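Heads up, the thing below is written out as structure tokens.
In our numbering, the protein residues as written are 86 to 335.
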């Protein structure tokens, strides 16, 4: 895999899956029928699919975010973790660095849980949507306080023009060379306000924080082998039950 460092765009701070499959196909076309004029006259949530997303009730029991992550060395990672893939040099990871700390988040864990709530210099979320092949890392503070994020169990497809802008500005990234797929995407919610958040846009689409944007952070996508060669003293996210998942609703 070609190692890539994604530099987060300067986004305004928000005041601040395996289960993401219902109604959408990984092979669905990335094109959108919505015109520019229609986009400009509708609230953000109504510009995507389904436009009724704000009326949908959460189904948070299907995918539980990691709420209390544990980290260790490669030697401490289970050889055959129940429900997860072994950590081999070819496995893809999302890497974060700050100061002297370096952490790797295996996609084999993110494929299952989609959201990891962590603290690395500041409270952050590390997210991945398996359908869209999209990763997003952001500050998870709301109103100056850390909020816990979880997967809502819902999907929402943004207008393609917005997804393209988010990818161009490096607010969202992919583990594949062709980029993200604009498809039914992970909708997160925060436990502080209950707002719904589009993972592809790093932006709230429903609730008290609608249309606020998270402050995204730089991340690296590489293989585990490449990452640990460059960060031999770094830590890797350990799979549940070594890391604890949230008890929804958060």
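Ideal Cβ placement from N, Cα and C applies to all residues, glycine included. Note that the structure is a prediction, hence the values are computed from the model and not measured.
- About 6 Å separates the Cβ atoms of residue 333 and residue 235, confirming a contact at the 8 Å cut-off.
- In its chain, beyond the 5 residues on either side, 241, 243, 270, 272 and 290 have a beta carbon closer than 7 Å to the beta carbon of residue 283.
- Residue 195 carries a helical assignment under DSSP once its states are collapsed to helix, strand and coil.
- Between residue 303 and residue 222, the C-beta gap is smaller than 9 Å, which places the two residues in contact.
- Secondary structure at residue 246: helix, using DSSP grouped into helix, strand and coil.
- Remark: C-beta atoms of residue 286 and residue 138 do not approach each other more closely than 9 Å.
- Shown here, residue 134 sits in a strand according to DSSP, grouped into three states.
- With a minimum length of 3 residues, the unbroken runs of beta strand (DSSP E) contained wholly in the region 160-225 fall at 177-183, 186-191, 200-205, 207-214 and 219-224.
- Around the C-beta of residue 248, 16 or more other C-beta atoms lie within 10 Å, and the residue is accordingly described as buried.
- Note on residue 277: 16 or more other CB atoms within 10 angstroms of its CB, so buried under the neighbour-count rule.
- Shown here, residue 310 sits in a helix according to DSSP, grouped into three states.
- By the Cβ criterion, the region 254-266 is in contact with the region 293-313, since at least three pairs of Cβ atoms, one from each stretch, lie closer than 8 Å.
- It is roughly 11 Å from the alpha-carbon of residue 200 to the alpha-carbon of residue 190.
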